[in-house]
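What follows is a set of notes on a single structure, which appears directly below.
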């Protein structure tokens, strides 16, 4: 079952599958090829398991040269390609089509360089997010973005989706922490964008690559910014009698000018599910919980917590508790990081990823509950409150086709709510297949034309990561020869 249609496969490509595999094996003999159906089936989906397609072929190269050679052949033969990291995408970003070749980067996991003087690290795309920090922990450095799947997700996938995490409020998302990439274009050309310098001349192509969802090329190497670990970090747990009080408290903390290292929200349902799973000591008599983490020396931390307490008291907190040591800190974050895994033990869930202005948080939380009840679903809220990145989890039965469709409809309405509130469709998960047909909720036809033109410059025949990001009937979609519908331009002119 698929909520959103994928294009029919090219019958000519399917007939040539064996020959294509033989030709590619000659080009990159040291790469790993997965040709049997059972092996290919392992790559049919990502973490948004609603969408499934068994790819034509799966190839696991280990060098940039191999990626370049493979892409050059696929470009010449007009074969579609999907780059894949760890498959943790929650928006269907790595789902293949039946006539596409999956190029998995899991064997490209070397850490190429640490430069502590420049505070940079160069890694291959298959290195895990957490693996970067672990490799330099003895030097007291870390890599800031920390998505919940950081133990598994790869840095290449993080670049593709511009991933964030709990500490993105203070340190930014992936685009704020990447200084350079090595990019293989669809025709096999290899280019370097950025480097170890803090900035470079010319257009900000690096900003274009971050969050491009595998539409423009395949990133094989990444230079990231690394940071000194803070002297200390401590979280505070604050329980409230209502979601509204918690939401208003978040707005007040940010409005005060203070930027905590992290500011997370959990509603009652999420609190109980996480506590039952992780046994970390969350209060169970509250309707909403904030986790506010601050960093610095002991005196700096105490000053920041005094500031937070002064704000919190205006919103009738039911409980306020500060972690007293590293063990308590670890337990608090274990509960939050376990949220999605804990939820899966209770129910199937559909995880959304909308963004709203912080000032609208309390109101939008009320509407999230209203919309979920209208569609007859329970929803659990656990999200990055400090930057307004919502993650409502719609609890449903994935084996019930009717319920599956209703969950999708509910999710679409919640994302439209985010856009109407002044936000956007995605904060860190990406568009992928999931939000592809909602792009018109946020962008005009002219906006889509400009975006598809950029795609066409990098990938003229639209072979990279097909059926993602842009609606299937978007103007300009499909390549350089595709017709562009007449769109009214400012001043009454039109453009074709």
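In my numbering, the protein residues as written are 6 to 501. Where a beta carbon is used, it is the ideal one built from N, C-alpha and C, also for glycine. Every value quoted in this text rests on a predicted model; they were computed, and no experiment measured them.
Nonlocal neighbours in the same chain, by C-beta distance under 6 angstroms from residue i, ignoring five residues either side
i: residue 32; result: 74, 78
i: residue 165; result: 218, 219
i: residue 288; result: 244, 324
i: residue 7; result: Confidence is the limiting factor: at residue 7 the pLDDT is only 45, short of 50, which leaves the residue's position unreliable, though a coordinate-based value still follows. Here the set comprises 56.
i: residue 488; result: Bear in mind that the predicted position of residue 488 carries a pLDDT of just 45, short of 50, making it too unreliable to give a figure here.
Residue j beta carbon less than 7 angstroms from that of residue i
i: residue 149; j: residue 182; result: yes
i: residue 411; j: residue 446; result: no
i: residue 276; j: residue 294; result: yes
i: residue 154; j: residue 93; result: yes
i: residue 135; j: residue 127; result: no
i: residue 64; j: residue 36; result: yes
i: residue 397; j: residue 404; result: no
i: residue 246; j: residue 292; result: yes
i: residue 310; j: residue 250; result: no
i: residue 390; j: residue 384; result: no
i: residue 88; j: residue 51; result: no
i: residue 450; j: residue 480; result: yes
i: residue 2; j: residue 419; result: This structure gives no information on residue 2, because the portion of the chain shown stretches from 6 to 501.
i: residue 429; j: residue 360; result: yes
i: residue 160; j: residue 195; result: no
i: residue 48; j: residue 107; result: yes
Boundaries (first-last residue) of the alpha helix (DSSP H) holding residue i
i: residue 19; result: 16-20
i: residue 444; result: 444-447
i: residue 273; result: 273-283
i: residue 263; result: From DSSP, residue 263 is part of no alpha helix (DSSP H); its letter is neither H nor E.
i: residue 411; result: 406-425
Presumed contact (8 angstroms Cβ cut-off) between residue i and residue j, rounded CB distance
i: residue 395; j: residue 423; result: 7 angstroms
i: residue 110; j: residue 90; result: 6 angstroms
i: residue 401; j: residue 382; result: 6 angstroms
i: residue 503; j: residue 96; result: Residue 503 falls outside the range modelled here, since the chain spans only 6 to 501, and no answer is possible.
i: residue 114; j: residue 241; result: Rounded, the Cβ-Cβ distance is 37 angstroms, inconsistent with contact.
i: residue 171; j: residue 151; result: 6 angstroms
i: residue 365; j: residue 426; result: 5 angstroms
i: residue 343; j: residue 283; result: 5 angstroms
i: residue 269; j: residue 296; result: 4 angstroms
Extent of the continuous beta strand (DSSP E) run through residue i
i: residue 463; result: No beta strand (DSSP E) contains residue 463, which is instead part of the alpha helix (DSSP H) from 450-463.
i: residue 346; result: Segment 344-351 is the alpha helix (DSSP H) holding residue 346; no beta strand (DSSP E) there.
i: residue 228; result: 223-230
Neighbourhood of residue i by C-beta distance below 7 angstroms, restricted to the same chain and skipping five residues each side
i: residue 198; result: 185, 186, 188, 210, 211, 214
i: residue 16; result: none
i: residue 458; result: 481
i: residue 40; result: 26, 62
Beta-carbon proximity list for residue i, same chain, < 8 angstroms, skipping 5 on both sides
i: residue 44; result: 63
* Looking at C-beta atoms only, is the number of pairs between the region 309-318 and the region 252-266 that lie closer than 8 angstroms three or more? -> yes
* Should the region 89-109 be called in touch with the region 55-68, which here means at least 3 C-beta pairs below 8 angstroms? -> yes
* Is the region 233-243 close to the region 300-313, with three or more CB pairs under 8 angstroms? -> yes
* **Cβ pair count under 8 angstroms reaching 3, the region 434-450 against the region 461-476** => yes
* **Given 8 angstroms, three or more beta-carbon pairs between the region 165-181 and the region 259-273** => yes
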